[in-house]
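Engineer:
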Amino acid sequence: MDVARELLSGNVLAGARAIRWLDDRDRRGAQVLSSVFPHTGRAQIIGVTGPPGAGKSTLANAMITEQRRRGRRVGVVAIDPTSPFSGGAILGDRVRMARHTLDPGVFIRSVGTRGHAGGLSRSTHDTCLILDAMGYDVIFVETVGVGQDEIDIVALAHTTIIIGVPGLGDEVQAIKAGLMEVGDVFVINKADREGYEATRQQFELMLHLREEARPADAFDWSPPLLPAVATRDEGIAGIIDATDRHGSKLRDSGEFARMSGRRERAQALALMGEEMLRIAMERADAEVLSAVEARQIDPYEAARLLVHRLSPVQEE
Ligand SMILES: Nc1nc2c(ncn2[C@@H]2O[C@H](COP(=O)(O)OP(=O)(O)OP(=O)(O)O)[C@@H](O)[C@H]2O)c(=O)[nH]1
Ligand SMILES: [Mg+2]
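In our numbering, the protein residues as written are 25 to 340.
(1) So residue 95 packs on residue 131, CB below 8 Å; how close in whole Å?
(2) Considering only residues of the same chain and omitting the five flanking positions on each side of residue 151, which have a CB-CB separation below 6 Å?
(3) Shortest alpha-carbon distance to residue 161 belongs to which of 64, 296 and 310?
(4) Taking a contact to mean a Cβ-Cβ separation below 7 Å, would you say residue 342 touches residue 186 in this structure?
(5) Taking 8 Å as the cut-off, does the stretch 244-259 touch the stretch 211-223 (at least 3 CB pairs, one atom from each stretch)?
(6) Just to check my reading of the structure: residue 247 and residue 231 have Cβ atoms closer than 8 Å, yes? What is that Cβ distance to the nearest angstrom?
(7) Starting from residue 285, trace the alpha helix (DSSP H) in both directions and tell me its first and last residue.
(8) So what does DSSP say about residue 320, is it helix, strand or coil?
(9) May I have the straight-line CA-CA distance separating residue 4 from residue 124, to the nearest angstrom?
(10) Whole angstroms are fine: how far does the CA of residue 330 sit from the CA of residue 89?
(11) Excluding sequence positions up to five away, which residues of its chain have a Cβ less than 8 Å from the Cβ of residue 32?
(12) Which residue or residues does DSSP assign as beta-bridge partners of residue 102?
(13) To which residues of the same chain is residue 26 closer than 7 Å at the C-beta, ignoring the five residues directly before and after it?
(14) Which residues mark the beginning and the end of the beta strand (DSSP E) in which residue 68 is found?
(15) Report the CB separation of residue 70 from residue 267 in whole angstroms; it is logged as a contact under 8 Å.
(16) Between residue 308 and residue 315, how many whole angstroms is the CB-CB distance? I'm expecting something under 8 Å.
(17) Just the Cα atoms here: how many angstroms apart are residue 295 and residue 40?
(18) Could you check what DSSP says for residue 159 in three-state terms: helix, strand or coil?
(19) Going by DSSP in three states, residue 64 sits in which element: helix, strand or coil?
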């Protein structure tokens, strides 16, 4: 099968194969990506992040339904940071999202690290490009947690939804530490729970402070703060209204294309870094390595010599 052509026409088997090749670093993956790349850059990538158990998957599930109602085809990338020892979370998500698995307008993939450094953001990026080429209008990227990895992954998204829940002081601190800056739409899920009002006030204060600190030349967007009860589908239409508004504003201002461009640039640099490391490791000078092994020179000196002795790389 002509994988590139098939996936452009939306064939999910072709899409899955391309993603697997890219994950496996099979050469055919890069070839497919290069033929479909001109057809990417259209999908709105929406990052969904928040602390463990906040209701990200339940909410994503409800948001898929709402996007489908609005006539859109939806891709979902669920990040599995525990892979290759994937725990119960993704399995639970599969069950939770089961109602969408028979819908040809929805394509759900989970990505793991496969043990490669930087693998998570690379696989996520590749998967998003393939889904984009397959013609999905919206791609949800769900990540667990609130650490630096999540912030990096979220940097991939055009629109970022940050989910908080009532009654967790530490979590609010964690969100404050980094995610407050990158969120475009804030949701307090489990609004049916006790402590909603106090959490809403905390978020409101943080958003207010962020507004005050916003540089005059920054993108003109004030992040809304919305309540939701994902398990009862409450507040979902309002969230999609907000991500739609954000998407339109990005497109109208030209920022959408600029963001996508910056993302590909960052990806190119990251791939260059990986490639250079691989090449350098392969060509490490044996003499220098023996010398350091025999303790004739120290590791710092060895590293300096190893870099120095690298020969220029010829294009293959
Ligand atoms: N009361 C209440 N429970 C909810 C709500 N949304 C989700 N839950 C429940 O919270 C639990 C966790 O929901 P998930 O959607 O798995 O949360 P998650 O953020 O995806 O969890 P991880 O992926 O494990 O981090 C489940 O038992 C949900 O049924 C809500 O709005 N109200
Ligand atoms: Mg989840």
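Glycine included, every Cβ here is placed at the ideal spot set by N, Cα and C.
Structural biologist: If we stick to the structure as given:
(1) Between the beta-carbon of residue 95 and that of residue 131 there is about 16 Å, and that puts the pair past the 8 Å contact cut.
(2) Scanning its chain for C-beta atoms nearer than 6 Å, with the 5 sequence neighbours on each side dropped, one finds around residue 151 the residues 43, 101, 133 and 135, in chain order.
(3) Ranking 64, 296 and 310 by Cα distance to residue 161 puts 64 first.
(4) Any property of residue 342 remains undetermined from this structure, which presents the chain solely from 25 to 340.
(5) Segments in contact, yes.
(6) Residue 247 to residue 231, Cβ: 6 Å. Contact.
(7) Annotation: the continuous alpha helix (DSSP H) that includes residue 285 extends over 279-306.
(8) Here residue 320 sits in coil by DSSP.
(9) The requested residue 4 does not occur in the structure, where the chain is confined to residues 25 to 340.
(10) Roughly 55 Å separates the two Cα atoms.
(11) These residues qualify, in order along the chain: 60, 63, 157, 158 and 159.
(12) 134 and 166, per the DSSP bridge assignment.
(13) Closer than 7 Å at the Cβ level, and outside the excluded window around residue 26, lies no residue.
(14) Unbroken beta strand (DSSP E) run through residue 68: 68-74.
(15) Between residue 70 and residue 267 the beta-carbon gap is near 6 Å, inside 8 Å, which marks them as a contact.
(16) Actually they are not in contact, since the Cβ atoms of residue 308 and residue 315 sit about 12 Å apart, beyond 8 Å.
(17) Approximately 22 Å between the Cα atoms of the pair.
(18) Coil, per DSSP.
(19) Residue 64 falls in the coil class under three-state DSSP.
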